[in-house]
Amino acid sequence: MGNDGGSIPDRRDLVKSKPKAEALDKANQTRARWGFCALSKRRLQEPVVSCALGKLYNKDAIIEFLLDRDAYGDGENICGHVRSLKDVKTLSLTANQAPVPAGKEPLEHPQFVCPLTLKEMNGATPFVYLRPCGCVLSLAGLNAMRSTPPDGDGQTEKDTCPQCAAKYSHGTDCIPLNPGADEEERLRAALSAQRLLEPVKKSKKRKAAADAAAAEPPAKKAATATIATASNSLRSTLAMEEAKRKAGMSDAVKALYSGKDTGRKETFMTMGTFTRVSRLHEKYCCVLTRRLCSTHSHPVALYVA
Ligand SMILES: [Zn+2]
């Protein structure tokens, strides 16, 4: 290190400006992350929203981005995972009522605090937001107020939000704000896993049809079903009777009925009397089978006058 007689100190050992500048830069970055919109870089202004990765945005900037994904040059890198307003949660923040200390810029003064501990949201202490209600709390304050112990299984038991009493699951609904790199990676993996589980979107037409079916009153549905069943059973009864009748007919009689496949060409005048009468009768006979029912074995309701 020098000054021990063994080596000559150079400028790097004596000038301490570089680490100082780095520390200043880090402080600026922290202030930017906690006080400014991650997308527009403007000062956070309510309504403030956060995504599944815990970044803070002004809602108007996100809307601008969703309307035109090129509105901000690096928008896709910052919030490319936000597909619609459903992917962000409007936060319920607590304003910092403390006066700006003398000699401090108002811009440097943290705007929000934890409603439980009144700790300032400045990046010094971890903060979280709860996915169901959007309340923003310091992690320490939230843990102190939890109804289930912090080391309990947060996946199964539901906790209650200390601010608005909404139910949340500590394991999945507690999103850290501006997380560290490791934590962000974990959130990103959880988001990808969740997206894989999402159902494939139905087309608008099919969705409308499904909605219409769901909106149909159950009584109407039941009536439709009954009619369909009745007509199905009637059709099968008729088919069975037709088969029975055909089985009992001689070949000659069958030939009379199957006008098409005999190959004989005949007009209305040249056809046999029986056939002519049959055709005439057919017009007024069974509506469903379009056949002459010489035995008149079908229910009366099936004939037209
Ligand atoms: Zn809440």
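According to UniProt numbering, the residues represented by the sequence shown are 1 to 305, in order. We put the beta carbon where it would ideally sit given N, CA and C, even for glycine. All values derive from a computational prediction rather than experimental measurement.
Requested in this report: Take the Cβ of Leu14 as the centre, count every other Cβ of all protein chains shown within 10 Å, and call the residue buried at 16 or more, exposed below.
Outcome: Per the 10 Å Cβ criterion, exposed.
Requested in this report: Since I believe Leu130 is in contact with Cys79 (beta carbons under 8 Å), could you give me their beta-carbon distance rounded to a whole number of angstroms?
Outcome: Not quite, the Cβ-Cβ distance comes to about 20 Å (not below 8 Å), so this is no contact.
Query raised in the report: Counting along the chain, where does the beta strand (DSSP E) carrying Leu137 start and finish?
Result: Residues Val136 to Ser138.
Query raised in the report: Skipping 5 residues on each side, what residues in its chain have a beta carbon closer than 8 Å to that of Glu76?
Result: Exclusion of the five residues before and after Glu76 leaves Arg69 as the residues of its chain whose Cβ lies within less than 8 Å of its Cβ.
**Report entry** Distance between Leu107 and Arg31 (C-alpha atoms, nearest Å)
**Finding:** Whole-angstrom Cα-Cα distance: 9 Å.
Requested in this report: Could you tell me if Asn58 is buried or exposed, where buried requires 16 or more neighbouring beta carbons within 10 angstroms of its beta carbon?
Outcome: Buried: at least 16 other Cβ atoms inside 10 Å.
Requested in this report: Rank Asp87, Asp25 and Cys135 by C-alpha distance to the C-alpha of Cys114 and give the top, closest one.
Outcome: Its Cα nearest to that of Cys114, the residue Cys135 stands out among Asp87, Asp25 and Cys135.
Requested in this report: Go through the residues and name those whose CB comes closer than 5 Å to any heavy atom of ligand 1, in chain order.
Outcome: Working through the chain, the matches are Cys133, Cys135, Cys161, Gln163, Cys164 and Ala166.
Report task. Can you grab the Cα-Cα spacing for the pair Cys51 / Asp10, in whole Å? Result -> Answer to the nearest angstrom: the Cα atoms are 48 Å apart.
Query raised in the report: With burial defined as no fewer than 16 other Cβ atoms inside 10 Å of the residue's Cβ, what is the status of Lys89: buried or exposed?
Result: With 16 or more Cβ atoms within 10 Å of its Cβ, Lys89 is classed as buried.
Requested in this report: Could you check the C-alpha separation between Val128 and Ala140 for me, to the nearest Å?
Outcome: Spanning the alpha carbons of Val128 and Ala140 requires a straight line of approximately 10 Å.
**Report entry** Among Gln163, Leu196 and His81, the one whose alpha carbon lies nearest that of Ser92
**Finding:** Nearest to Ser92 by C-alpha distance, out of Gln163, Leu196 and His81, is Gln163.
Query - Ile8 classed as buried or exposed, judged by whether at least 16 other C-beta atoms fall within 10 angstroms - result: Looking at its Cβ environment, which holds fewer than 16 other Cβ atoms inside 10 Å, Ile8 is exposed.
Report task. Given a cut-off of 9 Å, decide if Gly5 and Pro179 are closer than it, judged by their beta-carbon atoms. Result -> Judged by beta-carbon spacing, Gly5 lies beyond the 9 Å limit of Pro179, meaning their Cβ atoms are not closer than that value.
Query - Which of helix, strand or coil DSSP assigns to Leu14 - result: Residue state, collapsed to three classes: helix.
Query - From Asp173, Pro199, Val200 and Leu197, residue whose alpha carbon lies closest to that of Leu187 - result: Considering only alpha carbons, the answer is Asp173.
Query raised in the report: For the alpha helix (DSSP H) that contains Cys114, what are its first and last residues?
Result: Cys114 -> no alpha helix (DSSP H), and no H or E assigned at all.
Query - Local conformation of Thr90 per DSSP, three classes - result: In the three-state reduction of the DSSP assignment, Thr90 falls in the strand class.
Query - Sheet register partners of Asn77 (DSSP bridge) - result: Looking at the DSSP assignment, Asn77 forms no beta bridge with any residue, so it has no partner.
Query raised in the report: Got a sec, what are the start and stop residues for the alpha helix (DSSP H) Phe65 sits in?
Result: Unbroken alpha helix (DSSP H) run through Phe65: Lys59 to Leu67.
Report task. Would you kindly work out how many angstroms separate the C-alpha atoms of Arg33 and Ile62, rounded to a whole number? Result -> In this structure, the straight-line span from the alpha carbon of Arg33 to that of Ile62 is close to 16 Å.
Requested in this report: Have a look at Arg12 and Phe112 and give me their C-alpha separation to the nearest angstrom.
Outcome: Looking at the two C-alpha atoms, the distance is approximately 40 Å.
Query raised in the report: Is it buried or exposed for Gly103, if we count other Cβ within 10 angstroms and need 16 for buried?
Result: Sixteen is the threshold: since fewer than 16 other Cβ atoms of the shown chains lie within 10 Å of the Cβ of Gly103, the residue is exposed.
Report task. Please report the residue range of the alpha helix (DSSP H) in which Ser192 lies. Result -> DSSP places Ser192 inside the alpha helix (DSSP H), whose first and last residues are Ala181 to Leu197.
Query raised in the report: Can you tell me whether Lys20 is buried or exposed, with buried defined as 16 or more other CB within 10 angstroms of its CB?
Result: Exposed, because fewer than 16 other Cβ atoms sit within 10 Å of the Cβ of Lys20.
Report task. Give every residue of the same chain whose Cβ lies closer than 7 Å to the Cβ of Pro47, excluding the five residues on either side of it in the sequence, and list them in chain order. Result -> Taken in chain order, the residues that qualify are Lys59 and Thr90.
Query raised in the report: In whole angstroms, what is the alpha-carbon distance linking Ser169 and Ala190?
Result: Computed Cα separation, rounded: 15 Å.
Query raised in the report: Between Arg234 and Pro199, what straight-line distance do the alpha-carbon atoms span, to the nearest angstrom?
Result: The question names Arg, but residue 234 in the sequence shown is Leu. Going by the C-alpha atoms only, they are around 41 Å apart.
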